[in-house]
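Asker: Residue numbers (my numbering): 15 to 281. Sharing a structure with you now.
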């Protein structure tokens with residue numbers, strides 16, 4: 015049914031697509047087709063076509079018998095990222111970490127075989143690859159991506175990495191399956207990841223997981239450094255303890271944030 019009070023140029027199909035995206039709210043990351051249809055006020059066949067379209071475009075994925083949004087939704091607007099609860103929770107911690115290390119730090123999430131940057135506090139430095147919110151890189155060659163891949167359930171890594179990267183970046187490190195699996199086992203064992211010019215010359219970084227109140231890895235936080243200025247040893251010995259402390263603080267605050275009721279008050 016068409017909406018009331020809309021003009022002749024109103025596109026109902028676009029509005030319905032946005033309604034479906036808005037169905038996924040805090041506490042409801044995965045929804046069944048019936049739940050989406052009910053929440054959006056749509057017939058099941060209509061909701062199904064919209065979800066399949068979003069999935070085809072990379073904005074949604076099938077998960078545990080339902081559907082979930084992907085980090086690609088962030089590409090719809092940087093302003094959305096800056097209004098996210100995770101960003102607001104993380105920002106003061108990230109700013110303190112940057113002040114302590116004098117290096118840039120970022121938060122990223124996994125989207126297929128890529129990572130997508132969703133938050134960043136940067137220091138002005140010349141680096142090989144420009145990074146901003148929405149930037150994507152191949153996951154396996156980044157410290158952020160290694161942390162996120164290592165947190166996947168058994169068997170998921172192969173499926174995720176089989177998806178083609180949409181980053182447009184050709185990484186320097188191209189391991190075989192055995193070398194890749196060994197690297198991810200090491201990350202799982204120690205709980206953090208480090209990379210040394212595996213993505214591109216001049217880039218070193220160390221990353222740690224960010225967890226929700228149930229202990230699930232929801233994102234990763236890193237400290238990024240220029241190889242000519244910061245050694246691997248300095249990353250591990252000086253920056254890593256500060257990074258781990260910051261990641262723990264963000265995770266604790268995020269878990270507390272999740273327990274607060276989120277109510278939208280209509281005008």
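No residue lacks a Cβ here, since even glycine has one placed at the ideal position from N, Cα and C. Keep in mind that this is a model prediction, so the values were computed, not measured.
Closest to residue 214 by CA distance: which of 55, 22, 152 is it?
Answerer: The option with the nearest alpha carbon to residue 214 is 152.
Asker: Going straight from the alpha carbon of residue 188 to that of residue 75, what length do you get?
Answerer: Going from the Cα of residue 188 to the Cα of residue 75 covers about 27 Å.
Asker: Compute the minimum distance between the beta carbon of residue 212 and the heavy atoms of the ligand NAD, and state whether it is under 7 Å.
Answerer: The ligand NAD is absent from the structure shown, which contains no ligand whatsoever.
Asker: Buried or exposed for residue 135, please, with buried defined as at least 16 other CB atoms from any protein chain shown within 10 angstroms of its CB.
Answerer: Residue 135 comes out buried.
Asker: Entirely within the segment 41-78 and at least 3 residues each: give me those beta strand (DSSP E) ranges in chain order.
Answerer: Counting only runs of 3 or more, we get 74-77.
Asker: Could you compute how far the alpha carbon of residue 45 sits from the alpha carbon of residue 235?
Answerer: Going by the C-alpha atoms only, they are around 27 Å apart.
Asker: According to the neighbour-count rule (16 or more other Cβ atoms, all chains shown, within 10 Å of its Cβ), is residue 96 buried or exposed?
Answerer: Unreliable positioning characterises residue 96 in this predicted model, as indicated by a pLDDT of 49, which lies under 50. A coordinate reading is not provided.
Asker: Pull up the DSSP beta-bridge partners for residue 80, would you.
Answerer: DSSP output for residue 80 lists 77 as bridge partner(s).
Asker: Does the contact criterion of 3 or more C-beta pairs under 8 Å hold for the segment 21-39 versus the segment 66-81?
Answerer: Counting Cβ pairs under 8 Å, three or more are found: they touch.
Asker: Using the Cβ count rule (16 or more neighbours within 10 Å means buried), how would you classify residue 111?
Answerer: Per the 10 Å Cβ criterion, buried.
Asker: In angstroms with no decimal places, state the Cα-to-Cα distance between residue 125 and residue 169.
Answerer: Their backbone Cα atoms lie some 17 Å apart in a straight line.
Asker: Pull up the distance between the alpha-carbon of residue 94 and that of residue 249, whole angstroms please.
Answerer: Legend: pLDDT at residue 94 = 47, less than 50; position of this residue unreliable, value from coordinates given subsequently. Approximately 32 Å between the Cα atoms of the pair.
Asker: Please work out which residues of its chain come closer than 6 Å, Cβ to Cβ, to residue 38, disregarding the five sequence neighbours upstream and downstream, and give them in chain order.
Answerer: The answer, listed in chain order, is 83.
Asker: Within a Cβ cutoff of 6 Å, which residues of the same chain sit near residue 159, ignoring the five residues on either side of it in sequence?
Answerer: Only 129, 153 meet the Cβ criterion.
Asker: Where does residue 199 sit, in a helix, a strand or coil, going by DSSP?
Answerer: It is helical.
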